[in-house]
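Step one of this worksheet: look at the structure below.
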Amino acid sequence: NAGVTQTPKFQVLKTGQSMTLQCAQDMNHEYMSWYRQDPGMGLRLIHYSVGAGITDQGEVPNGYNVSRSTTEDFPLRLLSAAPSQTSVYFCASSYSARANYGYTFGSGTRLTVV
Amino acid sequence: QQPVQSPQAVILREGEDAVINCSSSKALYSVHWYRQKHGEAPVFLMILLKGGEQKGHEKISASFNEKKQQSSLYLTASQLSYSGTYFCGTGSNTGNQFYFGTGTSLTVIP
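Protein chains in written order, with the numbering used here: chain A, 2 to 115; chain B, 751 to 860.
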């Protein structure tokens, strides 16, 4: 049982480049989400999904797109990378969208935009 | 939206106790607690679903005061392995967004 798998673990981008952070879970979890973690800011919600075909914005969605075509996958796309998007990104999933089950996190992607 | 945690940081000697508080300006439906070791992903510790609920095992436990919109995490007789950053997280029964607190850095020294 792999849990939540994130790739890549590290990435360096130039300003203006685009890329996709991959997230996959094999637990048949209904709810998936993306967070960014910056020093002193905790974990901030970027986008989330309550099921295949359904996504919505979190606190800090600007500059990011998501889609969820299957239950398992929830990729995060950076459209035109900016230095302000330098951060550690975590994908998390949960059995239910109602926050009555714990979240399982992926191992994170450390992104640097130069 | 983001819950506020206090203290921001705490240093303990092995065997000492600590309390981490989490408060929200919005009504709480549930409260989660997570621990994150340096360079790793957060790991789920426990969830409290009802006001007045207390949970955990003898060394790490938590309480949830729904009226005050607060939760507290209690670490007793701390061990070196307790070091890390602790986050609370809150959801609501009307929405699907889930917010993590600002985090509390806990360092246990010998």
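Just so it is clear, CB atoms sit at the ideal spot from N, CA and C, and this is done for glycine as well.
- Taking 8 angstroms as the cut-off, the Cβ atoms of LEU825(B) and ALA759(B) do not count as close.
- Excluding five sequence positions before and after ALA83(A), the CB atoms of its chain that fall closer than 7 angstroms to its own CB belong to THR16, GLY64, VAL114, given in chain order.
- For GLN820(B), no chain A residue has a C-beta closer than 9 angstroms to its own C-beta; the minimum C-beta separation is roughly 17 angstroms.
- Residue burial is scored here from C-beta neighbours: ALA98(A) has at least 16 other C-beta atoms within 10 angstroms and is therefore classed as buried.
- Listed by position along chain A, the residues whose Cβ is nearer than 9 angstroms to that of TYR779(B) are ARG99, ALA100, ASN101.
- Counting C-beta pairs closer than 8 angstroms gives three or more between the stretch 23 to 43 of chain A and the stretch 85 to 98 of chain A, which meets the contact rule.
- Secondary-structure assignment with DSSP links ILE797(B) through a beta bridge to HIS782(B).
- The beta carbon of LEU44(A) falls within 8 angstroms of a beta carbon belonging to chain B, placing the residue at that interface.
- Identification of chain A residues near THR852(B) by a Cβ-Cβ cut-off of 9 angstroms yields GLY41, MET42, GLY43, ordered along the chain.
- If you ignore the 5 residues before and after TRP35(A), its C-beta comes within less than 6 angstroms of the C-beta of ILE47, HIS48, LEU77, CYS92, all in its own chain and listed in chain order.
- The beta carbon of LEU856(B) does not come within 8 angstroms of any beta carbon belonging to chain A, so the residue lies off that interface.
- As the crow flies, the alpha-carbon of GLN38(A) is around 26 angstroms from that of SER811(B).
- Here GLY4(A) really is in contact with MET28(A); their C-beta atoms are around 7 angstroms apart, less than 8 angstroms.
- With at least 16 other beta carbons inside 10 angstroms of its own, SER50(A) counts as buried.
- Under the criterion of beta carbons closer than 8 angstroms, SER780(B) and ILE797(B) qualify as touching, at roughly 6 angstroms.
- With 16 or more neighbouring CB atoms inside 10 Å of its own CB, GLN7(A) falls in the buried class.
- In chain order, ALA791, PRO792 make up the part of chain B whose C-beta sits under 7 angstroms from the C-beta of PHE106(A).
- The beta carbons of SER833(B) and LEU856(B) sit closer together than 8 angstroms.
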